[in-house]
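Scroll down for the structure; my scribbles are underneath it.
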Amino acid sequence: MTDKFYLDEAIADLHSILDMVRWSVSRFNDADLFFGHGTDNAWDEAVSLVFQALHLPYGLTRQTGDGLFAARLTQSERSKVAELVVQRVQTRLPLPYITNEAWFCGLPFYVDERVLIPRSPFAELIENKFSQWLSEPPARILDLCTGGGCIAIAMAYAFDDAEVDAVDISEDALTVAEMNIQEHGLSHRVFPIYSDLFSHLEGQTYDLIVSNPPYVDAEDMADLPNEFQHEPELALAAGDDGLDLVEIIIQQAPQHLTDNGVLLVEVGNSLVHMDSRFPGLDLEWVELAQGGHGIFAVTKAALVRFNNRNSV
678 MTDKFYLDEA
688 IADLHSILDM
698 VRWSVSRFND
708 ADLFFGHGTD
718 NAWDEAVSLV
728 FQALHLPYGL
738 TRQTGDGLFA
748 ARLTQSERSK
758 VAELVVQRVQ
768 TRLPLPYITN
778 EAWFCGLPFY
788 VDERVLIPRS
798 PFAELIENKF
808 SQWLSEPPAR
818 ILDLCTGGGC
828 IAIAMAYAFD
838 DAEVDAVDIS
848 EDALTVAEMN
858 IQEHGLSHRV
868 FPIYSDLFSH
878 LEGQTYDLIV
888 SNPPYVDAED
898 MADLPNEFQH
908 EPELALAAGD
918 DGLDLVEIII
928 QQAPQHLTDN
938 GVLLVEVGNS
948 LVHMDSRFPG
958 LDLEWVELAQ
968 GGHGIFAVTK
978 AALVRFNNRN
988 SV
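Numbering (the working numbering), first residue to last: 678 to 989.
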């Protein structure tokens, strides 16, 4: 059956939000879509799509309960939902690229194919204000490889007296970051900066450096599902073991950390290469209660010791 048949049938025969969600799940499963850009299963993806299509607030069911799913839709509303479902199936575009909306740390952000869709487990650490590593609120924070600025902006909300530099090598990504900074009213505290890692940050020091750099190794890049292939390769690939940029960060971060400063870096699946690439580096792997893996924390002192030992 054609996508047009499914679309026309849904518009004619379905009525409620629950009808549209169930139908969407069936279409997603039939197309064997991959989920990993804000949701990890067909049901949550369908709920997100339907709610965005209907301009219903994020998390509304926490206020209304499941009774909201019984609400009936107009024909034009059903048509809009069905068209988005067909677009998701036909293009394999991640849903946030279709709706230009993603959520991170409970905050909405504009996204398009110039930036990665936010999904970092850093969200948990930001919500906890990095309490395990910071004895006092940081005055200056660096978000290295900021992309669309989601991590930088979320940290500005978490630390309302801090200034945050949001750095990226992609001018396209910084354009999106600037849009999000303006939308959240944080242009007085979050500053997008063009820089190849630390290259344009001479003399700048920070109490906290957070980085979610490109870290996908060559093997994983070759196996990426179709949905991930819509994201900018510049923001994903980082050499055979995924740690080419991490090596530069480890070498140069001490120059940009205050004496009690700490560096946290997300390396994802490339964590399996860390010991062989950086033997003897005294770092701490972060335990994440909400899921995810591959974030390490390291102090300035530990970085200095490691770099001094390896420069001999």
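Each residue gets a CB set at the ideal place from its N, CA and C atoms; glycine is no exception. Given the structure is predicted, the values throughout are model-derived calculations rather than measurements.
Query raised in the report: Taking 6 Å as the cut-off, does the CB of N889 come closer than this to any heavy atom belonging to the ligand COA?
Result: Because no ligand of any kind appears in the structure shown, any question about the ligand COA cannot be addressed here.
Requested in this report: Would you grab the beta carbon distance between H714 and P771 for me? Rounded to a whole angstrom, and I think it's under 8 Å.
Outcome: 4 Å
**Report entry** contact_flag[the segment 962 to 981, the segment 782 to 802] where n(CB pairs < 8 Å) is 3 or more
**Finding:** yes
Query raised in the report: Taking Cβ to Cβ, would you say F868 is nearer than 7 Å to D842?
Result: Yes, the Cβ-Cβ distance between F868 and D842 is below 7 Å.
Requested in this report: Out of L737, V975 and D820, state which residue places its alpha-carbon closest to the alpha-carbon of N889.
Outcome: The alpha carbon of N889 has as its nearest neighbour, out of L737, V975 and D820, the alpha carbon of D820.
**Report entry** A719 and V702 closer than 7 Å at C-beta
**Finding:** yes
Query raised in the report: For L819, does the three-state DSSP call read helix, strand or coil?
Result: strand
**Report entry** Boundaries (first-last residue) of the beta strand (DSSP E) holding V939
**Finding:** L934 to E943
Query - Nearest-angstrom Cα separation, counted from K757 out to A747 - result: 18 Å
Query raised in the report: Do A979 and D959 have their CB atoms nearer than 7 Å?
Result: yes
Requested in this report: Just confirm the distance between the C-beta atoms of A833 and A839, as a whole number of angstroms; I'd bet it's less than 8 Å.
Outcome: 7 Å
Query - Expected contact under 8 Å - CB spacing of R791 and A850 to nearest Å - result: With a Cβ gap of about 6 Å, R791 and A850 count as contacting.
Query raised in the report: What number of angstroms, rounded off, separates the C-alpha of L911 from the C-alpha of T776?
Result: The pLDDT assigned to L911 is 47, lower than 50, so where the model puts this residue is not dependable; a value taken from the coordinates is nonetheless given after this. Distance between the alpha carbons of L911 and T776: 23 Å.
Requested in this report: Note down, one range per segment and in chain order, each alpha helix (DSSP H) of at least 4 residues found wholly within the segment 738 to 794.
Outcome: Entirely contained in the segment 738 to 794, the alpha helix (DSSP H) runs reaching 4 residues are, in chain order, 738 to 741, 752 to 768 and 772 to 776.
Query raised in the report: What did DSSP end up calling S888 once you bin it into helix, strand or coil?
Result: strand
Query raised in the report: Are the beta-carbon atoms of K977 and G945 separated by less than 7 Å?
Result: no
**Report entry** Nearest residue (CA-CA) to V975, options C782, D936 and T738
**Finding:** D936
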